[in-house]
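Counting with the UniProt record's numbering, you get residues 1 to 564 for the letters of the sequence shown.
No residue lacks a Cβ here, since even glycine has one placed at the ideal position from N, Cα and C.
Here is the structure we will look at, set down as structure tokens.
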Amino acid sequence: MRRTSVSLPTKHVARDPHEKPDRYGFDHREPGLVAKMQSAWAQQSQRARYIKTGAIVFTVLLLFYFFTSSGDSYIGGQGQVPSDSSYGTDRCSRSYSKDKPIVQYVSMIDAGSTGSRIHVYKFNNCGAAPELEDEVLFKMTAKIEGQSSGLSAYKDDPLKAAESLDTLLDAALEKIPDKLKSCSPIAVKATAGLRLIGKEKSDKILEAVRHRIETKYPFPLVSREENGVAIMDGSDEGVYAWITTNYLLGKIGGPDHSPTAAVFDLGGGSTQIVFEPSFEGLTDGGMPAKLAEGDHKYALDFGGRKFNLYQHSHLGYGLMSARQAILAELVTDLYEEHKGDKSWMEKPIVNPCYSAGMSKMAKIVLQGDHPLGSKLELNMTGPHWAAPAQCRALAERILKKESACNLAPCSFNGVHQPSMAKTFAREDIYFLSYFYDRTQPLGMPESFTLREMSDLANRVCGGEREWDVFESVPGAMEELKDRPEHCLDLNFMLALTHTGYEMPIDREVRIAKQIKGNELGWCLGARYVFFGPPVMMRNDLMLMMCDDEQLAVVEQEFGVAVQD
1 MRRTSVSLPT
11 KHVARDPHEK
21 PDRYGFDHRE
31 PGLVAKMQSA
41 WAQQSQRARY
51 IKTGAIVFTV
61 LLLFYFFTSS
71 GDSYIGGQGQ
81 VPSDSSYGTD
91 RCSRSYSKDK
101 PIVQYVSMID
111 AGSTGSRIHV
121 YKFNNCGAAP
131 ELEDEVLFKM
141 TAKIEGQSSG
151 LSAYKDDPLK
161 AAESLDTLLD
171 AALEKIPDKL
181 KSCSPIAVKA
191 TAGLRLIGKE
201 KSDKILEAVR
211 HRIETKYPFP
221 LVSREENGVA
231 IMDGSDEGVY
241 AWITTNYLLG
251 KIGGPDHSPT
261 AAVFDLGGGS
271 TQIVFEPSFE
281 GLTDGGMPAK
291 LAEGDHKYAL
301 DFGGRKFNLY
311 QHSHLGYGLM
321 SARQAILAEL
331 VTDLYEEHKG
341 DKSWMEKPIV
351 NPCYSAGMSK
361 MAKIVLQGDH
371 PLGSKLELNM
381 TGPHWAAPAQ
391 CRALAERILK
401 KESACNLAPC
411 SFNGVHQPSM
421 AKTFAREDIY
431 FLSYFYDRTQ
441 PLGMPESFTL
451 REMSDLANRV
461 CGGEREWDVF
471 ESVPGAMEEL
481 KDRPEHCLDL
491 NFMLALTHTG
501 YEMPIDREVR
511 IAKQIKGNEL
521 GWCLGARYVF
531 FGPPVMMRND
541 LMLMMCDDEQ
551 LAVVEQEFGV
561 AVQD
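Written out as structure tokens, the structure reads:
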């Protein structure tokens with residue numbers, strides 16, 4: 001027998017789910033960029049895994065609680081034992097409750113803009129609360145040269161999009177014991193990639209994914225009502241990542257009431273900014289006394305403390321989207337300069353955002369009814385000498401700083417944002433995702449200033465004759481080889497933070513993948529914001545019973561049928 005969809009309990013939305021010494025003294029001289037880069041690789045901690053992996057862990061915990069938790073009191077040691085040697089745990093010989101299997105698996109598919117990945121986690125029910133033992137499987141969809149392997153790559157073919165997850169689901173089939181497959185829940189969460197292709201196309205893809213999992217795989221899928229296959233809202237991503245980061249830092253949820261940290265998350269299709277601005281002592285000179293009302297404001301009650309957060313998710317300003325926008329700006333400039341003559345397209349195009357002396361065939365997507373069509377593939381080459389300033393000029397153009405600002409002050413593209421220089425001048429700032437991926441492999445330390453990031457961009461844009469410093473950083477040369485667009489990426493990151501968000505050039509930031517061995521991401525935060533104490537539901541009981549005999553008992557007791 002097999003379950004198709006299950007319903008989670010009714011949600012009761014409950015808004016409950018290391019300030020360091022002064023490092024901005026002017027009489028202290030920091031080591032130079034080169035010195036930092038040469039030593040930082042040896043100083044890096046275990047912050048090396050994908051942010052979203054950590055995020056998924058806690059959404060998985062959320063799912064697990066709903067599928068297995070009970071509000072009833074159980075007599076310990078009276079639970080189930082493995083029926084054979086194919087599954088079990090070395091933590092105990094019998095589950096805590098007779099209504100729970102001794103072990104259980106939970107799967108989550110993170111359908112991102114650059115690719116999809118599955119996380120399968122093993123839990124034991126040795127105690128009253130489930131214990132996460134291990135991530136038994138992490139697998140990504142294979143990279144496709146020159147394009148994404150995410151669901152959005154198949155925007156015109158929903159079936160193929162759904163089939164792209166088969167390699168992940170098949171891997172889960174091999175990892176999860178046969179007797180537990182039917183009680184191992186799964187959910188699929190998509191982010192910016194699907195948001196960018198529009199509702200009509202994304203809905204068709206999500207429906208195809210749901211249908212394929214329900215009809216081909218034995219895993220119980222979270223129901224439509226509980227958004228088992230759905231797109232996560234961008235603002236939620238940012239706020240939940242803020243909660244996760246600050247909780248792991250000990251800044252919220254405990255006795256420490258030191259100022260909270262800001263979170264800047266740079267994905268492929270979107271970027272999020274979340275911080276807690278302070279207006280204390282700033283009312284002179286026309287400054288407001290508090291955060292203005294609007295969609296940007298997120299009122300959070302967490303652990304008995306109230307936070308008024310500023311948050312915004314800038315769709316279309318993730319790193320991969322920004323690449324395309326910058327290349328489109330360059331191509332449009334050249335087209336207009338040549339007044340319709342297309343002969344320039346037949347020659348290598350000098351791109352100031354490519355590292356000096358490097359070349360690559362660039363795939364360019366043009367928006368709207370562009371006279372050059374919707375897609376181009378052009379041979380681009382870096383200048384003879386690095387041109388990072390010209391590259392940043394292109395990057396700043398896509399930020400649209402000149403857009404109308406209806407509620408001042410604004411960051412870019414007409415979006416209201418309190419001044420970080422005034423309302424968040426000294427607190428920690430954490431850079432996540434692509435911020436980490438483009439700086440840490442090149443030897444950048446765990447903390448650095450935007451000026452040092454600018455120095456890094458200038459050196460990367462200089463090409464191989466400027467790369468001697470990277471020879472002392474394991475893996476750095478391999479990271480840069482045949483990737484001229486690293487120059488573009490770093491300059492966009494600088495433009496986004498310094499010009500867009502208007503962060504001071506000497507502001508220090510931190511990069512991270514983990515904190516205290518725990519992975520960062522949105523899911524831990526979501527667990528604390530949305531769900532109160534777990535409640536037992538009938539469908540939860542069904543999912544806990546892994547064999548047909550137990551299911552029959554439940555069906556008879558509750559008068560419900562389990563779908564084949």
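Short check: CB of residue i to CB of residue j, under 9 Å?
i, j, result
"A171", "I118", "yes"
"V263", "F275", "yes"
"Y217", "L169", "yes"
"S270", "Y317", "yes"
"L319", "R438", "yes"
"C183", "P101", "yes"
"L432", "T191", "no"
"A162", "V209", "yes"
"F219", "K175", "no"
From residue i to residue j, what distance separates their C-alpha atoms?
i, j, result
"D301", "S235", "17 Å"
"H211", "Q104", "24 Å"
"K306", "Q272", "21 Å"
"G198", "Q311", "23 Å"
"D84", "K179", "9 Å"
"P371", "G340", "9 Å"
"M140", "W242", "25 Å"
"Y87", "P177", "6 Å"
"F414", "K481", "Sequence inspection shows Gly at residue 414; the Phe mentioned does not correspond to that position. If I take the Cα positions, the gap works out to 38 Å."
"Q514", "E446", "11 Å"
"G115", "S343", "36 Å"
"F470", "M477", "6 Å"
"A387", "L442", "20 Å"
"V120", "I186", "9 Å"
"L173", "V106", "12 Å"
"M503", "Y430", "13 Å"
"A421", "S355", "32 Å"
"residue 611", "K297", "Only positions 1 to 564 of the chain appear in this structure, which leaves residue 611 out of reach."
"M444", "Y436", "9 Å"
"E226", "K189", "12 Å"
"A393", "N125", "57 Å"
"P277", "E346", "51 Å"
"N458", "C487", "8 Å"
"I205", "M108", "17 Å"
"F424", "M493", "19 Å"
"G193", "I144", "16 Å"
"D110", "G228", "12 Å"
"V350", "D506", "31 Å"
"N491", "A395", "7 Å"
"Y434", "Y247", "22 Å"
Out of the options, which one is the CA nearest neighbour of residue i?
i, options, result
"S419", "A292, L442 and S202", "A292"
"V460", "D489, L165, Y87 and V222", "D489"
"M358", "I364, P371 and T381", "T381"
"D90", "K122, A111 and S116", "K122"
"G253", "L206, K290 and G304", "G304"
"S148", "L450, S164, V239 and E135", "S164"
"L327", "K360, Y240 and E402", "K360"
"I364", "R323, D333, A404 and G79", "R323"
"E131", "Y96, G193, S113 and P484", "Y96"
"A261", "R224, L309, S374 and E214", "L309"
"G463", "R483, M453, T449 and Q390", "R483"
"A495", "D166, Q390, K143 and K155", "Q390"
"V509", "F448, E207, D99 and S472", "F448"
"P259", "E427, G79 and C92", "E427"
Per DSSP, residue i is paired with what?
i, result
"Y240", "Answer by DSSP bridge pairing: none, since Y240 is not bridged."
"Q147", "I144"
"C410", "H416"
"Y96", "DSSP output for Y96 lists no bridge partner at all."
"Q272", "D265 and S313"
"N124", "V103 and E131"
"A187", "M108"
Closer than 6 Å by C-beta to residue i: which residues in its own chain qualify, once you throw out the five before and the five after it? Chain order, please.
i, result
"S321", "G269"
"G500", "L399, S411 and F412"
"I213", "L221"
Just to confirm my understanding: we take residue i, look at its own chain, exclude 5 residues before and 5 after, and list those with CB closer than 8 Å. What are they?
i, result
"R195", "S202, I231, G234, G269, S270 and L315"
"residue 589", "Examination of residue 589 is not possible in this model, given that the chain is present from 1 through 564 alone."
"K375", "K363, I364, V365 and L366"
Who are the near neighbours of residue i in its chain, counting only those whose CB is closer than 7 Å to its CB and skipping five residues on each side?
i, result
"R397", "E329"
"E200", "none"
Indicate whether at least one CB of chain C lies closer than 9 Å to the CB of residue i.
i, result
"R459", "Among the chains of the structure shown, chain C does not appear; only one protein chain is present."
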